[in-house]
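Participant: Quick one: the structure is below, questions incoming.
Residue numbers (the UniProt record's numbering): 1 to 242.
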């Protein structure tokens with residue numbers, strides 16, 4: 001698994017909504033933080049550059065409202081900082097992207113709490129359990145580690161209404177993913193599960209970039225692969241050899 005001392009160094013301050021950075025060169029203690037797990041909404045997300053220099057329309061985007069809502073949930077739990085991939089990673093900087101991807105399992109593992117935002121689930125509707133099983137979030141590659149790495153995972157619907165946590169929703173999640181309920185509840189360590197079984201949890205999950213089907217598994221498998229999006233699909237063939 002990822003080293004326990006792996007934490008982000010760039011956060012959103014949940015009170016001011018400003019980006020803050022802690023120097024990675026100093027032996028500083030990273031304060032407790034929340035972390036967001038979600039699926040990207042096309043044309044609506046706020047990436048790092050736009051968050052630093054917002055446009056007039058920035059504040060109307062669904063991605064900005066998502067950030068504000070996540071910060072509110074964190075403040076309610078007395079957490080000053082939150083990490084959100086869309087605006088805490090410099091998407092235009094290949095080195096920053098690579099550093100964050102290789103450390104991301106640790107980011108989620110060391111978070112105080114992970115908020116899962118389900119844009120296609122409405123808790124007020126009676127069929128919300130079916131909506132949860134069919135949600136985009138349960139079908140994406142990166143969200144597998146975001147489900148498994150954190151100890152505390154809280155699920156929210158499209159209106160940020162609380163649905164439940166990883167423990168009490170483990171039956172629904174198991175039905176869709178085949179991940180053992182004992183793993184979801186924390187009673188069994190992921191390390192106790194055969195590597196091929198761990199890989200099988202990702203077989204039907206999708207990623208925007210083909211290479212991410214390998215990169216999103218590295219923390220789960222306890223390996224380290226430096227991301228290179230110029231690589232061909234062969235990285236997927238080599239993955240079982242690591």
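All C-beta atoms in this analysis are idealised placements derived from N, C-alpha and C, irrespective of residue type, glycine included.
Quick caveat, the model's predicted, so the values are computed rather than measured.
Assess contact between the region 111-130 and the region 75-95, defined as three or more Cβ pairs (one per stretch) separated by less than 8 Å. Is contact present?
Facilitator: Cβ pair count under 8 Å is three or more, so yes.
Participant: Measuring only the C-alpha atoms, how far is residue 9 from residue 59?
Facilitator: In a straight line, the C-alpha of residue 9 is about 25 Å away from that of residue 59.
Participant: Roughly how many angstroms lie between the CA atoms of residue 28 and residue 131, to the nearest whole one?
Facilitator: If you take the alpha carbons of residue 28 and residue 131, they lie about 42 Å apart.
Participant: Relative to the C-alpha of residue 202, which residue among 192, 74, 193, 217 is closest?
Facilitator: The residue with the shortest Cα to Cα distance from residue 202 is 217.
Participant: Tell me where the alpha helix (DSSP H) around residue 75 begins and ends.
Facilitator: Start and end: 62-76.
Participant: Any contact between the region 138-155 and the region 37-49? By contact I mean 3 or more CB pairs, one from each, below 8 Å.
Facilitator: The answer is yes - the region 37-49 touches the region 138-155, with three or more Cβ pairs under 8 Å.
Participant: According to the Cβ coordinates, are residue 250 and residue 220 closer than 8 Å?
Facilitator: Lying outside 1 to 242, the shown extent of the chain, residue 250 is not represented and no answer is given.
Participant: Who are the near neighbours of residue 215 in its chain, counting only those whose CB is closer than 7 Å to its CB and skipping five residues on each side?
Facilitator: So the list reads 101, 225, 227, once near-sequence residues are dropped.
Participant: Below 7 Å, is the gap between the Cβ of residue 98 and the nearest heavy atom of the ligand FAD?
Facilitator: What this structure holds is no ligand at all, so the ligand FAD is not there to describe.
Participant: Let me check one thing: in DSSP terms, what residues is residue 40 bridge-paired to?
Facilitator: None, per the DSSP bridge assignment.
Participant: What does the alpha-carbon distance come out to for the pair residue 15 and residue 107?
Facilitator: So the two alpha carbons sit approximately 21 Å from each other.
Participant: Please report how far the alpha carbon of residue 147 lies from the alpha carbon of residue 57, in whole angstroms.
Facilitator: Each residue's Cα considered, the two are about 32 Å apart.
Participant: Is residue 97 helix, strand or coil by DSSP?
Facilitator: Helix at residue 97.
Participant: Report the residue from 53, 155, 96 whose alpha carbon sits nearest the alpha carbon of residue 122.
Facilitator: The shortest C-alpha separation from residue 122 is found at 155.
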